[in-house]
Ligand SMILES: N[C@@H](CCC(=O)N[C@@H](CSC=O)C(=O)NCC(=O)O)C(=O)O
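See below:
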């Protein structure tokens, strides 16, 4: 497997890079971004980031303000590469902005937490991409965590809850929390998994939290109170919080007055998320 360097820009003392490769899971070209806080060759922890509906790898690296706090974690860790996987544009099924191309639940183009036929984004994020990262960067496979936004926030929660112990911590900005109960999730699951609702729960963060039996997993969730998708009933954080409380999964949930669903909101609290992850990645 060959990685092609698409771009490399010096940023915050490190380098923001974008790569392209042929994905065996997805059978298409994939792009992902990596921020390398330094050129040190010591093994460093990796924070995976999953963006939301409609996003490419560019939204996070240009709008989230992640590089300065990531570089700052060098006090605690040697560096904190953030990978932001995004998918290619091969898809014949583009029917609306919130389904399939660039909007497949849950991964901005292909479903991030689903392994539905032709949509093996869950395997890409949890298996194929880590192998690529570990083979090509000075990463420590035992120190990995995951975060994301909206659809990608749900993807992060699902990856962590389905793989107890694999991720040291998880965080999310305005995640879809209970897709089996919201219009986005119902639309995506019926398209990708069919009408048998019993198959849907394996990819629902609230259902997974309710059934969780792994080691302690600290969850940080930030949510804007003026988020249009919160008021539209797409996110349903209360359901996830209730499931986590029953399982003694510690969730810090912060509701922020005046913030919406955008990257203005994400960038406002990115530093806190970096600190959350650094705490568990360097413990
Ligand atoms: N095109 C839509 C809005 C799409 C949108 O808001 N996408 C969000 C993620 S939503 C959940 O996964 C996003 O991150 N957009 C990129 C950005 O830079 O804000 C519409 O027209 O309503």
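Numbering (full-length UniProt numbering), first residue to last: 1 to 283. Think of the CB as a built atom: it goes at the ideal place given N, C-alpha and C, for glycine as much as any other residue.
State yes or no: is the C-beta of residue i within less than 8 Å of the C-beta of residue j?
{"i": "residue 188", "j": "residue 150", "result": "no"}
{"i": "residue 249", "j": "residue 219", "result": "yes"}
{"i": "residue 214", "j": "residue 179", "result": "no"}
{"i": "residue 1", "j": "residue 132", "result": "yes"}
{"i": "residue 44", "j": "residue 130", "result": "no"}
{"i": "residue 3", "j": "residue 19", "result": "yes"}
{"i": "residue 293", "j": "residue 168", "result": "Residue 293 falls outside the range modelled here, since the chain spans only 1 to 283, and no answer is possible."}
{"i": "residue 84", "j": "residue 57", "result": "yes"}
{"i": "residue 38", "j": "residue 14", "result": "yes"}
{"i": "residue 158", "j": "residue 205", "result": "yes"}
With DSSP collapsed to three states, give me the class of residue i.
{"i": "residue 57", "result": "helix"}
{"i": "residue 279", "result": "helix"}
{"i": "residue 20", "result": "strand"}
{"i": "residue 232", "result": "coil"}
{"i": "residue 28", "result": "strand"}
{"i": "residue 45", "result": "strand"}
{"i": "residue 208", "result": "helix"}
{"i": "residue 3", "result": "coil"}
{"i": "residue 272", "result": "helix"}
{"i": "residue 14", "result": "strand"}
{"i": "residue 9", "result": "strand"}
{"i": "residue 107", "result": "Because residue 107 carries a pLDDT of 37, less than 50, the predicted location of this residue cannot be relied on, and no value is offered for it."}
{"i": "residue 284", "result": "What the structure shows of the chain is the stretch from 1 to 283, and residue 284 is not part of that stretch, so it cannot be assessed."}
{"i": "residue 285", "result": "With the chain covering only 1 through 283, there is no way to say anything about residue 285."}
Is any heavy atom of ligand 1 found at a distance shorter than 7 Å from the C-beta of residue i?
{"i": "residue 167", "result": "no"}
{"i": "residue 151", "result": "yes"}
{"i": "residue 259", "result": "no"}
{"i": "residue 52", "result": "yes"}
{"i": "residue 11", "result": "no"}
{"i": "residue 55", "result": "yes"}
{"i": "residue 63", "result": "yes"}
{"i": "residue 59", "result": "yes"}
Roughly how far, in whole angstroms, is the beta-carbon of residue i from the beta-carbon of residue j, given that I think they are within contact range, below 8 Å?
{"i": "residue 261", "j": "residue 224", "result": "6 Å"}
{"i": "residue 34", "j": "residue 17", "result": "5 Å"}
{"i": "residue 234", "j": "residue 183", "result": "6 Å"}
{"i": "residue 147", "j": "residue 135", "result": "No, residue 147 and residue 135 are not in contact; Cβ-Cβ is about 23 Å, not under 8 Å."}
{"i": "residue 192", "j": "residue 125", "result": "Contact doesn't hold; Cβ gap of about 15 Å is too wide."}
{"i": "residue 63", "j": "residue 267", "result": "6 Å"}
{"i": "residue 243", "j": "residue 209", "result": "4 Å"}
{"i": "residue 194", "j": "residue 50", "result": "That pair is no contact at about 24 Å."}
{"i": "residue 217", "j": "residue 120", "result": "Their Cβ separation, rounded to whole angstroms, is 24 Å, which puts residue 217 and residue 120 out of contact at 8 Å."}
{"i": "residue 186", "j": "residue 236", "result": "Not a contact, Cβ separation roughly 12 Å."}
{"i": "residue 355", "j": "residue 73", "result": "Any question about residue 355 goes unanswered here, given that the chain covers just 1 to 283."}
Which residue comes first and which comes last in the beta strand (DSSP E) that contains residue i?
{"i": "residue 256", "result": "251-256"}
{"i": "residue 215", "result": "Counting along the chain, residue 215 falls outside any beta strand (DSSP E), and DSSP gives it neither H nor E."}
{"i": "residue 172", "result": "170-173"}
{"i": "residue 177", "result": "Note, residue 177: premise wrong, no beta strand (DSSP E); not H, not E."}
What first and last residue would you give for the alpha helix (DSSP H) that runs through residue i?
{"i": "residue 146", "result": "Run containing residue 146: none in the alpha helix (DSSP H); it sits in the beta strand (DSSP E), 139-149."}
{"i": "residue 187", "result": "183-193"}
{"i": "residue 136", "result": "129-136"}
{"i": "residue 245", "result": "237-246"}
{"i": "residue 52", "result": "Per DSSP, residue 52 belongs to no alpha helix (DSSP H) and is neither H nor E."}
{"i": "residue 164", "result": "Element bounds for residue 164: n/a, residue is neither H nor E."}
{"i": "residue 69", "result": "67-72"}
Say the cut is 7 Å; is the CB of residue i nearer than that to a heavy atom of ligand 3?
{"i": "residue 263", "result": "Ligands in the displayed structure: ligand 1; ligand 3 is not one of them."}
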